[in-house]
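One point on numbering: in my numbering, the residue at position 628 of the sequence shown is 629, and numbering is uninterrupted.
We put the beta carbon where it would ideally sit given N, CA and C, even for glycine.
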Amino acid sequence: MTEQPQPFRDPQLPFAKRIDDLLQRLTLDERIAMLHQFAPAVDRLGIGAFRTGQEALHGVAWMGPATVFPQAVALGATWNGELVRRVGEAVGNEVRAKRAEDDRVGLNVWAPTVNLLRNPLWGRGEEGYSEDAGLTSAIAVAYTRGLRGDHPLYWRTAPVLKHWLAHNNETDRDTASSSVRPRVLHEYDLKAFRDAVRAGAVAGVMPAYNLVNGRPNHVSPLLSQQLRAWTDRSLVVCSDAGAPSNLVDSEHYFDTHEEATAAALRAGVDSFTDHGQDPTVMTGRIRGALERGLLDEHDIDTAVRRLLGLRFSLGEFDPGLDPYADTADFDTEGHRALALEAAEQAVVLLKNDGLLPLDPGAGKTVAVVGLLADACKLDWYSGTLIHRSTPLDGLRARFGAEHIVFAEGADLVRLKCADGWLQIPAADESREPVRGAEGALDPALLAGRTDLPPLTCGSAPSELALVDWGNGVITLREPAGRYLSVAEDGYVRASADEPGGWIVQETFRWEAVEGHDGGHRLLHVGTGGYVSVAADGVKVAAAGEESSLPAAVFEIELTERGEDAVARAAAAADTVIVVAGNDAHINGRETEDRTTLDLPAQQERLWRAAHAANPRTVLAVTSAYPYALTDAAATLPALLWTAHGGQAAGTALARVLAGDVSPAGRLPQTWYTSDAELPGLLDYDIIGSRQTYLYYEGNPLYPFGHGLSYSDFTYSALTAEREGDLLHVSLTVTNTGCAAADEVAQLYVRAVAPSVVRPLRQLAGHRRLHLAPGAAERVGFTVALSELGHWDVAHGRWTVEPGAYEIQAGASSADIRLTAVVTVDGEPSGPRPVLARGLEAADYDEQLATEIVDRARTDGDAVTAVAGRNELLYRDCDFGAGVQEVEVSAAGEGDVLITVDGTTVTVPVPATGGPYDYRTVRAGLSASGTGDLRITLRGTVRLARVAFTGAAFTGAGE
């Protein structure tokens with residue numbers, strides 16, 4: 002007889018039954034072990050080891066060479082879901098191909114990032130897609146569908162969305178709380194996740210490090226109340242690295258790690274990413290929580306069941322049936338062509354007074370200048386380049402090297418101290434592989450090179466290229482191209498191909514020395530130590546060495562100003578391309594927010610020098626985020642922007658400049674004119690502070706959706722018809738120019754006379770289409786009527802107000818070509834029924850100087866004051882025939898001042914037993930009819946809720 006397979010091995014059974022069978026075969030210890038990121042093998046059952054988490058934001062990251070696609074924000078700028086789906090498919094295939102060669106590569110990919118780009122100073126803006134929730138979700142749906150594959154049962158890879166929830170600051174990121182009012186939560190932050198999850202290609206989410214409304218995301222009730230209510234599919238929640246420990250160590254939200262781990266597991270976290278590849282610490286905490294009765298086995302089994310569901314979907318238990326098991330597509334011609342296509346589609350033409358495109362056949366000289374002119378920058382979530390194209394490479398190839406002149410524009414300097422000139426010893430020119438080429442599960446552990454001799458001081462100076470990246474942060478590079486870097490032994494060497502690493506070891510700051518005319522100390526940013534001269538070489542003094550190795554005082558000899566070299570090149574050319582931007586590891590990245598929108602002063606000087614020498618100057622900005630280029634936009638004839646475009650970035654830029662491709666990228670976020678236009682980085686209330694194109698009432702430098710073309714397009718024949726709960730909109734787009742080109746038709750909606758503050762306009766659809774000269778295409782959109790709605794805080798529900806809505810079609814949020822009006826019938830929601838529902842404190846219409854905090858560690862919101870002059874405003878409260886008493890639920894100590902119809906009632910709140918010890922306090926309050934209610938908080942009061950008691954009936958009876 003043929004031996005029957007164990008039921009969990011039987012592919013004829015549904016996954017659910019197979020998981021049930023496997024779960025009951027696993028011991029408690031084996032189940033607990035599966036809850037760590039690095040789950041060990043269960044040899045007795047023939048089950049292999051498994052890891053959650055493989056970075057794949059825009060290519061396979063951290064595992065050595067791979068196809069490097071443009072940054073995520075560049076993919077957002079394409080406004081092209083089909084393109085992004087193909088990118089996701091290519092990345093998923095490369096994950097599979099690398100997995101076949103290296104079992105350290107995981108199939109549970111941590112991508113994409115769907116945090117919204119509400120503030121352009123956020124250091125991780127490069128990882129997101131857009132400031133708009135709808136566009137973000139559309140691109141995320143496309144990418145996850147590509148990663149997932151189209152097989153009905155088995156998944157190519159299992160994408161996890163990052164980072165749940167309302168996470169847009171690196172400053173104090175593991176202790177700061179985002180105050181998110183219900184309207185912003187439902188209309189903005191949740192929407193980006195919700196639509197992607199409902200599309201069905203998402204395997205789970207990763208909570209963010211931050212807190213929301215005073216509660217860490219890793220114990221958020223929204224994981225069950227919202228996330229898992231959106232789909233019938235099992236979703237896995239993977240913690241961010243070290244976040245479970247943060248619940249105690251930095252956030253101090255729980256007293257013990259057992260309590261914290263239990264709370265996270267019960268809230269919905271399934272996989273714990275903590276203590277690297279050592280699972281014993283976390284599994285020990287889980288066992289401790291079980292022993293203390295904080296968890297039961299059902300909690301363990303619920304999480305393990307979800308994790309097993311993910312593993313079954315990836316074909317682990319059915320290798321012979323897995324359609325993706327033999328995938329070998331890696332660095333194919335198709336992937337290279339796709340990387341180029343994506344980079345081309347991401348280029349945004351910001352301004353063009355007719356200078357572009359350039360004619361490669363004219364034989365004219367082009368000067369290519371700027372600090373990024375010969376750079377192909379990567380970011381923290383990039384793979385290692387197999388192919389590399391800089392703007393200089395691309396322009397030389399397209400226009401002919403004989404027609405290109407180049408000047409980087411770095412300042413050339415020599416440094417002298419009391420021990421002599423700083424000099425770089427000769428080294429073996431056979432270069433080691435680029436840092437990270439070998440792959441590392443934790444690239445933060447990659448060390449700098451120690452095989453090269455350290456710098457010395459002597460009589461023969463070495464010339465260094467100095468770049469100031471802003472905020473006083475500089476890099477120094479030797480003539481052969483290596484950056485000065487500090488390795489673990491503290492010595493300074495010319496050893497790094499590029500700045501990089503979790504802690505960048507290639508950045509320094511000058512510090513003026515009092516009493517030394519022109520003398521400066523050189524501070525190493527990564528270690529915080531000063532550069533000193535030891536007997537065996539130049540090094541950064543370690544802690545305790547400062548007395549024996551005092552900081553060297555350097556004099557700086559400037560041998561050439563960068564702007565002088567740029568001016569010479571510009572004067573010798575017909576046209577100048579200035580390539581400016583950022584290094585994605587410096588002044589804006591994970592762990593570090595930006596401090597300003599300004600272009601670094603050194604780069605500002607370079608474009609000004611180029612333009613002074615040659616008015617035919619183009620500024621090509623290659624950056625992970627927007628700049629306030631107000632002067633450049635007013636001065637220069639042409640500007641372009643692209644995020645870091647991956648391996649084909651230079652070729653793509655050259656093809657756009659040459660007119661081989663008409664640019665059709667569109668800005669995925671607003672470009673502001675100055676820092677003064679931005680709210681505080683920790684202000685998450687886009688409604689109250691009028692953030693993003695949805696609410697911003699000023700005039701941006703470049704609006705959301707902006708982007709020009711080498712052709713012209715007209716919009717005509719807009720129609721909008723309602724069919725049940727759907728709105729069908731169509732229009733005709735015609736290419737009236739002379740060039741074949743892409744156009745991005747954008748559809749917006751606006752409530753004409755809303756009862757509450759609503760977006761000035763909101764993206765409801767978009768379509769990127771290619772049209773030959775003279776060609777026209779009818780473009781159709783279907784918009785769910787619910788998309789016209791908002792979260793009604795007065796009644797605690799999503800509502801579409803009756804009334805007129807304007808449908809707007811155009812080429813950007815500020816370039817509206819056509820409008821139509823549709824009317825929605827129905828009964829208005831009416832005023833706040835405060836007698837029946839009371840008032841949840843967080844359900845305000847407007848606020849001043851308050852923040853939302855946690856009512857309890859498990860659930861609920863409260864509001865507290867952050868300044869003495871504060872206010873909560875609740876509009877149109879219906880007190881009916883009258884109220885006689887108010888009931889306040891609050892913790893802390895102080896007063897609650899309630900004002901209705903010009904009369905203020907003070908409700909004292911005596912000291913309670915702590916922030917979660919809420920007491921009910923009553924006071925007399927007389928009000929009737931409908932009117933606004935205002936609340937001011939005094940002291941440490943945390944207000945949860947206000948309720949009202951109706952006036953007693955005193956009329957005559959029969």
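Where residue i sits in the DSSP three-state scheme
| i | result |
| --- | --- |
| Phe9 | helix |
| Trp123 | coil |
| Thr955 | A caution first: Thr955 carries a pLDDT of 44, below 50, which makes its placement in the model unreliable, though a value can still be read off. Three-state DSSP puts Thr955 in coil, outside helix and strand. |
| Arg157 | coil |
| Met2 | Any reading at Met2 needs caution, since the residue's pLDDT is 46, under 50, leaving its predicted position unreliable; the model's value is listed next. It is coil, neither helix nor strand. |
| Asn736 | strand |
| Val750 | strand |
| Lys99 | helix |
| Ala948 | strand |
| Arg876 | strand |
| Gly651 | helix |
| Arg609 | helix |
| Asp565 | helix |
| Tyr711 | coil |
| Pro15 | coil |
| Glu515 | coil |
| Leu550 | coil |
| Gln885 | strand |
| Ser929 | coil |
| His404 | helix |
| Ile387 | coil |
| Ile20 | helix |
| Ala574 | coil |
| Glu591 | coil |
| Pro444 | helix |
| Ile557 | strand |
Contact check, residue i vs residue j, beta carbons under 9 Å
| i | j | result |
| --- | --- | --- |
| Thr941 | Thr865 | yes |
| Gln7 | Asp30 | no |
| Glu698 | Val734 | no |
| Thr937 | Leu898 | yes |
| Ala134 | Asp190 | yes |
| Arg494 | Thr451 | yes |
| Asp933 | Pro183 | no |
| Gly895 | Val906 | no |
CB contact below 9 Å: residue i versus chain D
| i | result |
| --- | --- |
| Ala821 | Going by chain labels, chain D is absent from the structure shown, which holds only one protein chain. |
DSSP bridge partner residues for residue i (one or two, in chain order)
| i | result |
| --- | --- |
| Arg943 | Thr865, Ala892 |
| Cys418 | Gly421 |
| Cys458 | Leu423 |
| Lys540 | Tyr492, Ser533 |
| Thr937 | Leu898 |
| Asn1 | Here the chain comprises residues numbered 2 to 959, so residue 1 is not present and cannot be evaluated. |
| Gly582 | Thr623 |
| Leu477 | Leu467 |
| Ser731 | Thr720, Gly781 |
| Gly766 | Leu748 |
| Ala924 | Val887 |
| Tyr484 | Arg478, Ala497 |
Rounded distance between the beta-carbons of residue j and residue i, thought under 8 Å
| i | j | result |
| --- | --- | --- |
| Ala73 | Pro113 | 6 Å |
| Val238 | Pro208 | 7 Å |
| Val579 | Leu641 | The Cβ separation is near 11 Å, so there is no contact. |
| Leu356 | Ala304 | With 8 Å as the limit, Leu356 and Ala304 do not qualify as a contact, their Cβ atoms being about 59 Å apart. |
| Ser240 | Val220 | Not a contact, Cβ separation roughly 11 Å. |
Problem - Minimum length 4: unbroken alpha helix (DSSP H) runs contained in the region 40–94 - result: Entirely contained in the region 40–94, the alpha helix (DSSP H) runs reaching 4 residues are, in chain order, 73–79.
Exercise for the section: Report the residue ranges of all beta strand (DSSP E) runs contained in full by the region 177–254; include only those spanning at least 3 residues, in chain order. Expected result: Secondary structure remark: continuous beta strand (DSSP E) runs of at least 3 residues inside the region 177–254, in chain order: 205–208.
Handout entry: Segments assigned alpha helix (DSSP H), at least 4 residues, entirely inside the region 305–383
Key = Taking only runs of at least 4 residues, the alpha helix (DSSP H) segments lying wholly in the region 305–383 are 334–346.
Exercise for the section: Return the chain-ordered ranges of every beta strand (DSSP E) run that is complete within the region 790–866 and spans a minimum of 3 residues. Expected result: Scanning the region 790–866 from its first residue to its last, the whole beta strand (DSSP E) runs of 3-plus residues come out as 791–793, 798–800, 804–813, 816–825, 847–849, 851–855, 862–866.
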